[in-house]
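Inspection log for the structure reproduced underneath, given as structure tokens.
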Amino acid sequence: MVPPPPSRPPRHRAFDDLVAEGASVPTDGWDFSWFEGRATEARPSWGYARSMARRLVRASAVLEVQTGGGEVLDFALGAAGSRRSPLVVATEGWAPNVAKATRLLAPRGVPVVAVPDDAPLPFADGAFDLVVSRHPVQPHWDEVARVLAPGGTYFAQHVGPASVFELIEYFLGPLPQESRRRRHPELERSDAEAAGLEVVDLRAERLRMEFFDIGAVVHFLCKVVWMVPGFTVDAYLDRLRDLHERIEADGPFVAHSARHLFDVRKTAGANGA
């Protein structure tokens with residue numbers, strides 16, 4: 001979502017209007033500009049997209065896994081300019097995003113390959129010296145190791161444990177303790193090392209999020225569908241109305257996202273070497 005605005009936006013719009021607006025906004029891609037003035041999320045200190053751009057300059061063959069609508073890669077390629085690596089390929093598993101990413105990245109000479117998120121990558125062993133990904137559904141470390149050339153790098157920003165759980169548990173109730181361990185960076189470190197990869201750097205941060213109106217909550221849950229599986233306005237109408245009244249009375253609903261940054265190197269003994 002967009003960075004915090006300079007001042008709090010106006011409130012007191014009708015519940016039905018806000019909900020209808022939030023539900024009507026297209027959900028393809030990972031462009032969160034619609035949330036400007038409606039919701040905010042602090043950014044990680046490491047500046048992932050710009051850091052990716054600097055790596056694009058040094059790489060010779062790049063793969064982005066699960067590109068979404070291609071927005072982050074498009075930004076990084078633009079920042080890298082003519083110094084970018086000559087070969088860049090992206091994958092995506094959701095058909096609407098494949099179409100959107102193709103429209104965005106084709107002018108930059110980047111093909112987008114439709115690959116289900118849980119499928120093997122359709123590329124040769126050691127084909128890339130840089131693999132990047134922002135918020136993959138799940139990192140497939142063996143496949144990353146296989147397609148990386150020896151000495152190559154996986155540079156990615158992952159979603160961390162218990163991300164936005166304040167909002168999720170508002171709708172679903174308390175979640176089992178084991179669900180709070182999923183996506184834990186140290187567990188992912190272990191999985192990466194089991195695939196023969198060396199974790200050069202791993203950083204984690206929790207970041208403040210604010211939802212200023214119920215329309216932003218509705219659009220967020222429609223867009224990020226795994227937050228509240230099966231979410232529909234009708235199914236959660238009473239909880240949405242209660243949350244709307246809470247926001248109107250007390251101000252923004254506050255949650256916290258979890259992010260971690262992986263800088264991983266393939267050693268000569270890694271799988272697929």
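Anchor point for the sequence shown: position 49 equals 49 in UniProt numbering, and the numbering is continuous, going up by one each time.
Idealized CB from N, CA, C, for every residue including glycine.
With DSSP collapsed to three states, give me the class of V48. Correcting the residue type first, residue 48 is Tyr in the shown sequence and not Val. The answer is helix: DSSP assigns Y48 an H, G or I state.
Output the residue ranges of the beta strand (DSSP E) runs that lie fully inside the stretch 124–208 and measure 3 residues or longer, sorted by chain position. 128–134, 148–159
With 16 as the cutoff for other CB atoms within 10 Å, does residue 276 come out buried or exposed? Here the chain has residues from 1 to 273 only, and residue 276 is not among them.
Based on Cα-Cα distance, which residue from A156, F75, F212 lies nearest to residue 274? Limits of the chain in this structure are 1 at one end and 273 at the other, which puts residue 274 out of reach.
Which runs of the alpha helix (DSSP H), 4 residues or longer, sit entirely within the stretch 223–252? 237–250
What residue range is occupied by the uninterrupted alpha helix (DSSP H) comprising A59? Looking at the DSSP string, A59 is not in any alpha helix (DSSP H), and its letter there is neither H nor E.
Under DSSP, the beta strand (DSSP E) around A42 begins and ends at which residues? Where A42 is concerned, there is no enclosing beta strand (DSSP E), given that its DSSP letter is neither H nor E.
Leaving out five residues on either side along the sequence, give the residues of the same chain with a beta carbon under 6 Å from the beta carbon of residue 274. Shown here, the chain extends from 1 to 273; a query on residue 274 therefore has no answer.
For the 8 Å Cβ check, are there 3 or more pairs between the stretch 187–199 and the stretch 139–146? yes
Can you tell me which of V254, L73, A59 puts its alpha carbon nearest to the alpha carbon of V164? For the residues V254, L73, A59, the minimum Cα distance to V164 belongs to V254.
Through-space distance from P96 to M227, alpha-carbon basis: 19 Å
Selection from F171, V264, Y170, S33 that minimises the alpha carbon distance to E193: That would be V264, whose Cα lies nearest to the Cα of E193.
Collapsed DSSP secondary structure at A90 in the structure displayed: Correct three-state label for A90: strand.
For the stretch 127–138 and the stretch 151–160, state whether three or more C-beta atom pairs, one from each stretch, are separated by less than 8 Å. yes
Buried or exposed for A20, please, with buried defined as at least 16 other CB atoms from any protein chain shown within 10 angstroms of its CB. exposed
Can the beta-carbon of residue 351 be found closer than 9 Å to that of L87? As displayed, the chain neither begins before 1 nor continues past 273, which places residue 351 out of reach and without an answer.
Per DSSP, the bridge partner or partners of H260: BP columns for H260 point to H158, A204.
Answer with buried or exposed for V225, where buried requires no fewer than 16 other C-beta atoms within 10 angstroms of its C-beta. Classification for V225: exposed.
From D16, Y236, A79, E166, pick the residue whose C-alpha is nearest to that of S51; which is it? A79
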